[in-house]
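Data block below; observations after.
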Amino acid sequence: MFKKEFAAEVADKAGVTNAVAGKVIDAAIEALTELLKDGDKLQITGFGVFEAHERAAREGVNPLTQEKITVAACKVPSFKASKALKDAVNGGDTGDED
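What follows is the structure in structure tokens.
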């Protein structure tokens, strides 16, 4: 699924236009990106936790030349799904009775 189809799903469930849903999704992604850049984390109960982890510098090997190289330290975004989300994806009840 692409963002356009996802926005249509969100719009349908929220009762808003696709344009409004698209803007909300863009704003949410922008806000999440800023949080992670600043070193904060976002915990959404029943969904999961988004956070950035530090990855240490390490030694690697260039596969073409077999030359050893140093891979620089960096931050990597991560997501840890909640038990409720895992259960829902695996066919469990989401608790949402509509």
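Residue numbering for the sequence shown is 1 to 98, as defined by my numbering.
Positions of the beta carbon are idealized from the N, C-alpha and C atoms, including for glycine.
Because the structure is a prediction, the values reported are computed rather than measured.
| query | Using the rule of at least 16 other Cβ atoms within 10 Å of the residue's Cβ for burial, across every protein chain shown, is Leu36 buried or exposed? | reply | Position 36 of the sequence shown holds residue 36. The residue in question, Leu36, is buried, as its Cβ has 16 or more Cβ neighbours within 10 Å.
| message | Does Thr70 come out as helix, strand or coil in the three-state DSSP assignment? | response | Mapped onto the sequence shown, residue 70 falls at position 70. Note: Thr70 maps to strand in three-state DSSP.
| message | I need the straight-line Cα distance from Pro77 to Thr17, nearest angstrom please. | response | For the purposes of this step, residue 77 is identified with residue 77 of the sequence shown, where counting begins at 1. For the purposes of this step, residue 17 is identified with residue 17 of the sequence shown, where counting begins at 1. When rounded, the distance between both Cα atoms is 30 angstroms.
| Looking at the structure shown, is Gly22 part of a helix, part of a strand, or coil, going by DSSP? | Counted from its first residue, the sequence shown places residue 22 at position 22. The answer is helix: DSSP assigns Gly22 an H, G or I state.
| From Met1 to Gly22, what does the alpha carbon distance come to, in whole angstroms? | As a working mapping, residue 1 is identified with position 1 in the sequence shown. As a working mapping, residue 22 is identified with position 22 in the sequence shown. Approximately 14 angstroms between the Cα atoms of the pair.
| message | Going by C-alpha to C-alpha distance, which of Thr45, Val24, Ile44, Phe50 sits closest to Thr33? | response | Position 33 of the sequence shown, counted from the first residue, corresponds to residue 33. For the residues Thr45, Val24, Ile44, Phe50, the minimum Cα distance to Thr33 belongs to Phe50.
| said: Measuring only the C-alpha atoms, how far is Lys86 from Ile44? | reply: By one-based count along the sequence shown, residue 86 stands at place 86. By one-based count along the sequence shown, residue 44 stands at place 44. Their backbone Cα atoms lie some 14 angstroms apart in a straight line.
| Assigned exposure category for Asp98 - 16 Cβ within 10 Å defines buried | Here the question's residue 98 lines up with position 98 in the sequence shown. Bear in mind that the predicted position of Asp98 carries a pLDDT of just 46, short of 50, making it unreliable; the figure below should be weighed with that in mind. That one is exposed.
| In terms of residues, what are the limits of the alpha helix (DSSP H) holding Leu85? | Sequence index remark: in the sequence shown, residue 85 carries index 85 (1-based). It spans 83-89 - the alpha helix (DSSP H) in which Leu85 sits, taken as one unbroken run.
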